[in-house]
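Structure record follows, encoded as structure tokens.
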Amino acid sequence: MLRKADSNFAFAVGAALLFFFIGGILTTVVPPLVDKSWSKPFENSDPSQGATGKLVAYTERQLKGRAIYVREGCWYCHTQQTRTLLADTVRSGWKGVRSPISTPDEFVYDYPHMFGTKRTGPDLSRVGGKYDTQWHRTHFRNPRDLVPGSIMPPFPWIVENPEEFTALVDYIQTLGRAKNWRPNGDYEK
Amino acid sequence: MPEDTSRVQASPSISAGGAAVVHEDTTAKWFLISSIAYFFIVGIIAVTIAAKFVWPQLLGTVQYLTYGRLRPLHVNGMLFGWLLAADMGLAFYLIPRLCGVKLWSEKLGVATAALWNVIVLGAVVMLLMGYNQGLEYAELPTWEDVLVVIAWIMFGLNIFMTIASRKYDQMYVSIWYIMGTILWTAFVYLTGNFAVLFATGVNQANLNWMYVHNAVGLIFTPIGLALAYYYIPKASNSPLHSHKLSMIGFWSLAFVYVWTGAHHMLHGPISQWLQTISIAFSVMLLIPVWAVVYNFFATMQGQWHQLRENVPLKFLMSGVVFYLLTCFQGPMHSLRTVNAIVSKTDWIPGHAHMAVLGAFSFFAIAGTYYTVPRMFKCKLFSDTLANWSFWFLMVGGLGFFVTLWLGGFWQGWQWNNVSIPFIDTVKALQPVWLVRFFSGILMFTGIVSFAYNILATIVGAKDNPEAA
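Which chain is which? The protein sequence lines are A and B, in order. Residue 51 in numbering that gives the first Met the number 0 sits at position 52 of the first sequence, with consecutive numbering throughout. Residue 219 in numbering that gives the first Met the number 0 sits at position 220 of the second sequence, with consecutive numbering throughout.
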């Protein structure tokens with residue numbers, strides 16, 4: 000039947016589009032209609048269902064910080080997803096406590112999404128509250144001062160701009176905090 | 000349908016074109032020349048970012064030259080400045096020949112080439128300034144996206160009008176692939192650059208990955224295969240093995256590719272059933288790939304000795320081998336167990352570079368070597384230099400791919416052993432990145448010798464005339 004496409008221009012165009020649209024629509028338009036967790040912000044108050052907490056929208060300053068994270072391309076080297084792998088939950092964890100896995104409802108306010116594809120540096124999906132502001136200041140000025148062997152670029156122009164620096168750290172401290180996973184609220188500021 | 004008939008059908012339409020019609024090729028020339036210039040310029044950026052892995056302080060205090068600014072410039076520059084522009088240039092060359100008519104409008108074509116250069120130069124400024132939308136392959140601001148859409152419509156109109164006025168009734172495989180590229184790209188690009196703007200979180204990521212995956216699968220794959228289907232029979236002077244097999248390859252590609260976007264988030268925060276669908280279809284990708292690759296190998300039956308002397312054929316057939324390998328890796332990565340090791344590691348750039356450089360850029364380079372002397376009606380400046388450019392790119396490329404696979408696989412094992420601190424997995428990769436940097440130098444040397452050879456051919460065309 001498809002041999003008709005050899006010499007029939009309109010048939011070739013029509014068939015090529017039809018074949019494409021079956022998969023195209025079923026994998027892009029349909030999934031968010033089926034899986035509501037993609038659009039419903041995380042909220043849980045029942046400890047038996049896992050970590051409790053509530054996803055809140057970013058403040059204006061946090062959005063400013065997020066824009067810097069996007070601008071500097073942090074997301075090319077840092078993923079933001081604790082995958083359903085044991086190693087990920089341990090590495091995203093802190094002080095011996097494993098972190099919960101990332102779920103779609105934690106990212107409803109993310110625009111653009113920052114899941115990332117490459118992990119040149121560590122994953123940041125639960126980095127919020129692990130390091131204090133002074134640590135971040137020193138680290139952004141020259142990462143190797145705190146982490147010998149790191150290949151992260153220095154970002155002195157962010158540290159030297161108090162407004163940008165505060166906004167960026169404010170954003171970083173939100174990462175992964177919708178789920179209140181640290182025991183006894185043990186978070187750095 | 001007997002295979003003999005298809006051989007006969009395929010060969011006249013591919014060899015008879017151009018006998019009676021005089022082709023101007025102005026558009027093809029402009030696209031090719033500018034794409035090669037970007038290949039060279041972006042090659043410098045590529046080597047720079049490879050160096051930054053080894054010497055992280057390099058250019059570190061210049062805001063506009065950090066890794067985060069240069070990487071998108073490298074990716075966008077190579078994809079859209081070099082590869083897609085070269086592919087479009089070669090399409091402007093081969094479509095009129097396969098149709099036996101002149102290009103519908105050279106004026107429109109030259110305007111398209113000019114607009115494309117505006118887009119690429121705009122991208123350089125925007126990305127270095129940090130105007131990054133934060134979506135992979137879709138970093139450019141919306142005004143740039145609008146220009147891309149306009150340029151694509153101009154390109155599509157020109158090609159479709161040429162095909163509509165064709166002299167030969169039957170359309171050769173390369174024509175379907177280029178038509179497919181134009182149609183699918185339109186929707187893939189709109190999804191990845193406009194529809195994403197209306198979604199957030201996982202929904203946006205899903206649209207983004209659909210675009211990212213299909214930018215390779217439904218833009219660079221079909222247009223790259225269109226070139227291979229044209230230049231392999233041409234360069235080896237042998238008819239295509241099977242028309243039927245090429246149909247199986249084309250229509251299974253059209254159906255299967257678009258389903259696989261979610262395999263970029265395996266084990267991640269996206270619905271499990273969608274991950275499973277993407278895995279199933281990723282494995283099915285073996286069908287179009289093996290159909291195409293078998294067809295190319297069978298075409299070369301009894302002709303392999305030509306590889307010794309024929310530089311375009313060297314690029315083409317090693318490109319086919321890289322295509323086979325990269326498209327074997329792809330389905331394997333999407334298996335959950337393998338993915339748990341290689342995903343997010345340095346294996347992935349090794350894989351991606353084999354597809355975009357090893358397969359599709361090799362096809363485009365072969366096409367350029369074959370086409371430029373014919374368009375300028377002269378001999379190639381130097382066959383020896385062309386051969387060197389092949390070996391530089393081949394050895395550099397293999398060094399790059401293989402060290403990153405080994406290094407990435409090792410890195411993945413280390414990540415899965417939680418007793419190893421993360422920073423130690425970074426330090427462990429230092430030797431890998433050093434080898435990658437030197438492989439990059441070799442690849443860049445290949446680019447320079449290719450670009451110089453083509454430039455010298457064009458500049459010296461009048462002094463070195465020969466009807467090819």
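Glycine included, C-beta positions come from ideal geometry on N, C-alpha and C. In this text the structure is predicted, and so the values were computed from the model without any measurement.
Check your understanding: In angstroms, rounded to a whole number, what distance separates the CA positions of phenylalanine 361(B) and tyrosine 186(A)?
Key -> Translated into the one-based positions of the second sequence, residue 361(B) becomes position 362. Translated into the one-based positions of the first sequence, residue 186(A) becomes position 187. When rounded, the distance between both Cα atoms is 52 angstroms.
Check this for me: beta carbons of leucine 312(B) and alanine 234(B), under 8 angstroms apart or not?
Counted from its first residue, the second sequence places residue 312(B) at position 313. Counted from its first residue, the second sequence places residue 234(B) at position 235. In this structure, alanine 234(B) lies closer than 8 angstroms to leucine 312(B) by Cβ.
Next on the checklist: Three or more C-beta pairs under 8 angstroms: does that hold for the stretch 36 to 43 of chain B against the stretch 67 to 85 of chain B?
Outcome noted: Contact between the stretch 36 to 43 of chain B and the stretch 67 to 85 of chain B is present: three or more C-beta pairs spanning the two stretches fall below 8 angstroms.
Notebook entry, point to check: Any C-beta of chain B sitting closer than 8 angstroms to the C-beta of histidine 112(A)?
Noted result: Within the first sequence, the letter at position 113 stands for residue 112(A). With 8 angstroms as the cut-off, histidine 112(A) counts as an interface residue toward chain B.
Examine the Cβ distances between the stretch 123 to 134 of chain B and the stretch 155 to 164 of chain B and report whether three or more of them are shorter than 8 angstroms.
Too few Cβ pairs lie closer than 8 angstroms, so no.
| task | Along the alpha helix (DSSP H) that carries serine 251(B), what are the first and last residues, could you check? | result | As a working note, residue 251(B) is residue 252 in the second sequence. Bounds of the alpha helix (DSSP H) holding serine 251(B) are 242 to 255.
Worksheet item: Exposed or buried, what is aspartate 96(B) when buried is set at 16 or more other beta-carbons lying within 10 Å of its beta-carbon?
Response: Looking up residue 96(B) in the second sequence gives position 97. Note that residue 96(B) corresponds to arginine in the displayed sequence, not to aspartate. Looking at its Cβ environment, which holds 16 or more other Cβ atoms inside 10 Å, arginine 96(B) is buried.
Please list, in chain order, all residues of the same chain as isoleucine 286(B) whose beta carbon is under 6 angstroms from its beta carbon, the five residues on each side excluded. Taking the second sequence and counting its residues from 1, the one referred to as residue 286(B) is at position 287. Leaving aside the five residues that flank isoleucine 286(B) on each side, the residues in its chain whose CB is nearer than 6 angstroms to its CB run, in chain order, Ser251.
Original post:
Shorter than 8 angstroms from the beta carbon of glycine 329(B) to some beta carbon of chain A?
Top reply: Translated into positions along the second sequence, residue 329(B) becomes position 330. No, its Cβ sits nowhere closer than 8 angstroms to a Cβ of chain A.
Requested in this report: Please state whether DSSP places proline 30(A) in a helix, a strand or coil.
Outcome: Working through the first sequence from its first residue, we reach residue 30(A) at position 31. The three-state secondary structure of proline 30(A), taken from DSSP, is helix.
Q. Hey, does valine 493(B) have any beta-carbon neighbour from chain A nearer than 8 angstroms?
A. Residue 493(B) lies beyond the residue range present for chain B, which begins at 0 and ends at 467; the question has no answer from this structure.
Can you tell me which of Asn338(B), Ser438(B) and Ile177(B) puts its alpha carbon nearest to the alpha carbon of threonine 275(B)?
-> Residue mapping note: residue 275(B) aligns to position 276 of the second sequence, counting from 1. The candidate whose alpha carbon is nearest that of threonine 275(B) is Asn338(B).
### Task
May I have the straight-line CA-CA distance separating histidine 112(A) from valine 69(A), to the nearest angstrom?
As a working note, residue 112(A) is residue 113 in the first sequence. As a working note, residue 69(A) is residue 70 in the first sequence. Between the C-alpha atoms of histidine 112(A) and valine 69(A) there is a straight-line separation of about 10 angstroms.
What residues from chain B crowd round phenylalanine 8(A), counting only those whose CB sits closer than 9 angstroms?
Locating residue 8(A) in the first sequence gives position 9, where the first residue counts as 1. Near phenylalanine 8(A) (Cβ distances below 9 angstroms), the residues of chain B are Phe159, Ile162, Ala163, Arg165, Met170 and Met178.
Do proline 40(A) and valine 107(A) have their beta-carbon atoms positioned less than 8 angstroms apart in this structure? For this step, residue 107(A) is matched to residue 108 along the first sequence. For this step, residue 40(A) is matched to residue 41 along the first sequence. For valine 107(A) and proline 40(A), yes; Cβs fall inside 8 angstroms.
Checklist entry - Leaving out the 5 sequence neighbours to the left and right, which residues in its chain are closer than 6 angstroms to alanine 468(B) when beta-carbon positions are compared? => result Nothing can be reported for residue 468(B): it is not among the residues displayed for chain B, which extend from 0 to 467.
Check your understanding: CA-CA distance, glycine 179(B) and valine 119(B)?
Key -> Taking the first residue of the second sequence as position 1, residue 179(B) is located at position 180. Taking the first residue of the second sequence as position 1, residue 119(B) is located at position 120. Taking the straight line joining both Cα atoms gives about 24 angstroms.
Strictly below 9 angstroms CB to CB, what residues from chain B border serine 91(A)? Sequence index remark: in the first sequence, residue 91(A) carries index 92 (1-based). Within chain B, no C-beta atom comes less than 9 angstroms from the C-beta of serine 91(A); the nearest is roughly 11 angstroms away.
Cβ distance (whole Å) where leucine 217(B) is taken to contact valine 187(B) below 8 angstroms: Within the second sequence, residue 217(B) is the residue found at index 218, counting from 1. Within the second sequence, residue 187(B) is the residue found at index 188, counting from 1. Contact between leucine 217(B) and valine 187(B) holds, with the beta-carbon distance rounding to 5 angstroms and staying under 8 angstroms.
Self-check item: Delimiting residues of the alpha helix (DSSP H) encompassing glutamine 80(A)
Solution: As a first step, residue 80(A) is located in the first sequence; it is residue number 81 there, counting from the start. First-last for glutamine 80(A): undefined, no H or E at that position.
Looking at alanine 365(B) and phenylalanine 314(B), is the spacing between their C-beta atoms short of 8 angstroms? On the second sequence, position 315 is the one that residue 314(B) refers to. On the second sequence, position 366 is the one that residue 365(B) refers to. Here phenylalanine 314(B) is near alanine 365(B), since their CB atoms are less than 8 angstroms apart.
Does the beta-carbon distance from serine 277(B) to tryptophan 303(B) come in below 8 angstroms?
Taking the first residue of the second sequence as position 1, residue 277(B) is located at position 278. Taking the first residue of the second sequence as position 1, residue 303(B) is located at position 304. For serine 277(B) and tryptophan 303(B), no; Cβs fall outside 8 angstroms.
Could you tell me the alpha carbon to alpha carbon distance between valine 53(B) and serine 342(B), rounded to whole angstroms? Residue 53(B) sits at position 54 when you count from the first residue of the second sequence. Residue 342(B) sits at position 343 when you count from the first residue of the second sequence. Each residue's alpha carbon lies about 22 angstroms from the other.
How is the alpha helix (DSSP H) around lysine 28(B) delimited, first residue to last? Locating residue 28(B) in the second sequence gives position 29, where the first residue counts as 1. Its alpha helix (DSSP H) spans residues 25 to 53.
**Asked** By how many angstroms is the C-alpha of serine 101(A) removed from the C-alpha of alanine 177(A)?
**Response** Working through the first sequence from its first residue, we reach residue 177(A) at position 178. Working through the first sequence from its first residue, we reach residue 101(A) at position 102. In a straight line, the C-alpha of alanine 177(A) is about 10 angstroms away from that of serine 101(A).
query: Taking the runs of the alpha helix (DSSP H) that are 4 residues or longer, which of them lie wholly in the stretch 397 to 460 of chain B?
result: Counting only runs of 4 or more residues that sit fully inside the stretch 397 to 460 of chain B, the alpha helix (DSSP H) segments are 421 to 427 and 429 to 458, in chain order.
The alpha helix (DSSP H) spanning proline 155(A) covers which residue range? Position 156 of the first sequence, counted from the first residue, corresponds to residue 155(A). Counting along the chain, proline 155(A) sits inside the alpha helix (DSSP H) bounded by residues 155 to 158.
Review point. Under a Cβ-count criterion, where at least 16 other Cβ atoms within 10 Å of its own Cβ denotes burial, should arginine 181(A) be classed as buried or exposed?
Key: Within the first sequence, residue 181(A) is the residue found at index 182, counting from 1. Classification of arginine 181(A): buried, given that the 10 Å Cβ count is 16 or more.
By DSSP's criteria, valine 96(A) is part of a beta bridge. Which residues make up the other side? Sequence index remark: in the first sequence, residue 96(A) carries index 97 (1-based). Valine 96(A) pairs with Trp93(A).
- Query: Which two residues bound the contiguous alpha helix (DSSP H) that contains tyrosine 368(B)?
  - Reply: As a first step, residue 368(B) is located in the second sequence; it is residue number 369 there, counting from the start. Under the DSSP assignment, tyrosine 368(B) falls in the alpha helix (DSSP H) whose first and last residues are 361 to 374.
Q. Name the chain A residues that come within less than 8 angstroms of phenylalanine 66(B), Cβ to Cβ?
A. In the second sequence, counting from the first residue as 1, residue 66(B) sits at position 67. For the record, residue 66(B) in the displayed sequence is tyrosine; it is not phenylalanine. For tyrosine 66(B), the residues of chain A that pass the 8 angstroms Cβ criterion are Gly72, Tyr75, Cys76 and Pro152, in the order they occur in the chain.
query: Is the CB-CB distance between tyrosine 176(B) and tyrosine 228(B) below 8 angstroms?
result: Start at 1 with the first residue of the second sequence, and residue 176(B) comes out as number 177. Start at 1 with the first residue of the second sequence, and residue 228(B) comes out as number 229. Yes.
| task | Check cysteine 326(B) in the structure and name its three-state DSSP category. | result | The count along the second sequence starts at 1 and reaches residue 326(B) at position 327. DSSP places cysteine 326(B) in helix when its eight states are reduced to three.
8 angstroms Cβ cutoff, alanine 290(B) in contact with chain A
Position 291 of the second sequence, counted from the start, is the residue given in the question as residue 290(B). Answer no: the Cβ-Cβ gap between alanine 290(B) and chain A never drops below 8 angstroms.
With the cut-off set at 8 angstroms, would you say proline 121(A) and phenylalanine 280(B) are in Cβ contact? Within the first sequence, numbered from 1, the residue matching residue 121(A) stands at position 122. Within the second sequence, numbered from 1, the residue matching residue 280(B) stands at position 281. No, they are not a contact pair.
- prompt: Under a CB-based cut-off of 8 angstroms, is arginine 70(B) close to chain A?
  reply: If you number the second sequence from 1, residue 70(B) lands on position 71. So, interface residue.
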